[in-house]
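Asker:
Numbering (full-length UniProt numbering), first residue to last: 1 to 260.
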């Protein structure tokens, strides 16, 4: 039986991008034929400036929305990362086979560190080692497949490298996982800035559709979305990111169905 693991970070209210790119995919996994584990990775939320009470609140909210989106706790495992001590323990062991250079080459680290500095904040060491904790999340369960979006593919590649390196040094210990990417909605873009991802940690604004937005609010945000001025419909996310297809996927396809 194939084992699947994936997680979601409670750093903000879940967005349409989180639903289309992750949660809906999880609900569509054949939970009768797959050993599926889905996690709210709250330890990862501590790597940047945060309010502890808000993280706790968003952790509960994320778990609730996962269940409301169709995850059946009778058929899959839904849990909170910090409730399992082995994640942090294994992270340390994997750090012992990881290198500083590998961590600093991570694209997300460079982007998030720059954002923290721009805000006048300090960059936490945990932000640098974030990908190792993610590797521990995955490897702890003998994971075969990891459903991820575009921005996490590099981290799964690092996970594979660490698993192979650990196995070579200490004997076969870990399954080497593989990333699986969605056919559509690998990256849903901000409605006001189609060159940027619709991130749940962004400031509240008309470019982000939250799962708990009222229908009228969603309608207004979509109606005000930035669009292309051209008359033809062209899928070109680099040169024409404001085209009617405002998510990055290949080939273009409708992502709003089925209704939930």
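No residue lacks a Cβ here, since even glycine has one placed at the ideal position from N, Cα and C.
So residue 94 packs on residue 46, CB below 8 Å; how close in whole Å?
Answerer: Not confirmed; about 18 Å, so no contact.
Asker: For the putative contact between residue 8 and residue 55, defined by C-beta atoms under 8 Å, what is the C-beta separation to the nearest angstrom?
Answerer: Between residue 55 and residue 8 the Cβ distance is about 13 Å, and since that is not below 8 Å, they are no contact.
Asker: Please give the ranges of any beta strand (DSSP E) in the segment 61-125, keeping only runs that are unbroken, at least 3 residues long and fully inside the region.
Answerer: Listed in chain order, the complete beta strand (DSSP E) runs (minimum 3 residues) inside the segment 61-125 are 77-80.
Asker: For residue 143, list the residues DSSP reports as bridge partners.
Answerer: Its beta-bridge partners do not exist; DSSP assigns none.
Asker: Measure the C-alpha to C-alpha separation of residue 16 and residue 148 and round it to an integer number of angstroms.
Answerer: Going from the Cα of residue 16 to the Cα of residue 148 covers about 15 Å.
Asker: Apart from the five residues on each side of it in sequence, which residues of its chain come closer than 7 Å, Cβ to Cβ, to residue 59?
Answerer: Hits under 7 Å: 10, 40, 42, 80.
Asker: Of all the options 57, 207, 154, which has the alpha carbon lying nearest to the alpha carbon of residue 102?
Answerer: Out of 57, 207, 154, 154 has the C-alpha closest to the C-alpha of residue 102.
Asker: In whole angstroms, what separates the C-alpha of residue 206 from that of residue 214?
Answerer: Residue 206 and residue 214: Cα-Cα distance of roughly 13 Å.
Asker: Less than 6 Å between C-beta atoms, sequence neighbours within five positions excluded: which residues of the same chain meet that for residue 85?
Answerer: Answer for residue 85: no residue qualifies.
Asker: Quick one: give me the first and last residue of the alpha helix (DSSP H) that residue 36 is part of.
Answerer: Run containing residue 36: none in the alpha helix (DSSP H); it sits in the beta strand (DSSP E), 34-40.
Asker: What residue range is occupied by the uninterrupted beta strand (DSSP E) comprising residue 24?
Answerer: No beta strand (DSSP E) contains residue 24, which is instead part of the alpha helix (DSSP H) from 24-28.
Asker: Is residue 5 helix, strand or coil when you go by DSSP?
Answerer: Strand.
Asker: Could you spell out the range, first to last residue, of the beta strand (DSSP E) harbouring residue 45?
Answerer: First-last for residue 45: undefined, no H or E at that position.
Asker: Helix, strand or coil for residue 180 per DSSP?
Answerer: Residue state, collapsed to three classes: strand.
Asker: Report the partner residues of residue 189 according to the DSSP bridge assignment.
Answerer: In the DSSP output, where bridge partners are listed per residue, residue 189 has 197.
Asker: Can you name the start and end residues of the alpha helix (DSSP H) that residue 225 belongs to?
Answerer: Looking at the DSSP string, residue 225 is not in any alpha helix (DSSP H), and its letter there is neither H nor E.
Asker: Spell out the partners DSSP gives residue 59 in its beta bridges.
Answerer: Note: residue 59 sits in no beta bridge, so no partner.
Asker: DSSP on residue 15, reduced to helix/strand/coil?
Answerer: Of the three classes helix, strand and coil, the one that applies to residue 15 here is strand, per DSSP.
Asker: What residues in its chain sit with their C-beta under 7 Å from that of residue 107, if we drop five residues either side in the sequence?
Answerer: Only 154 meet the Cβ criterion.
Asker: For residue 172 versus residue 136, is the C-beta distance shorter than 8 Å?
Answerer: The answer is no: Cβ separation not under 8 Å.
Asker: Using beta-carbon positions only, say whether residue 5 and residue 130 come within less than 8 Å of one another.
Answerer: No, the Cβ-Cβ distance between residue 5 and residue 130 is not below 8 Å.
Asker: Thinking just about the alpha-carbon of each residue, which of 67, 91, 21, 156 is nearest to the one in residue 267?
Answerer: Because residue 267 is not part of the residues shown, which for the chain are 1 to 260, the question remains open.
Asker: Between residue 31 and residue 96, how many whole angstroms is the CB-CB distance? I'm expecting something under 8 Å.
Answerer: Residue 31 to residue 96, Cβ: 35 Å. No contact.
Asker: Can you give me the C-alpha to C-alpha distance between residue 35 and residue 134, rounded to a whole angstrom?
Answerer: Going by the C-alpha atoms only, they are around 19 Å apart.
Asker: Expressed to the nearest angstrom, what Euclidean distance is found between the alpha-carbon atoms of residue 1 and residue 144?
Answerer: Using only the alpha carbons, I get a separation of about 9 Å.
Asker: So, is residue 209 buried or exposed, given that buried needs 16 or more other C-beta atoms within 10 angstroms?
Answerer: The residue in question, residue 209, is buried, as its Cβ has 16 or more Cβ neighbours within 10 Å.
Asker: What is the rounded straight-line gap between the Cα of residue 260 and the Cα of residue 168?
Answerer: Any reading at residue 260 must be qualified, since the residue scores a pLDDT of 44, below 50, and its modelled position is unreliable; the value itself is stated next. One C-alpha to the other measures close to 46 Å.
Asker: What residue from 180, 212, 224, 28 has the CA that sits closest to residue 190's CA?
Answerer: The residue with the shortest Cα to Cα distance from residue 190 is 224.
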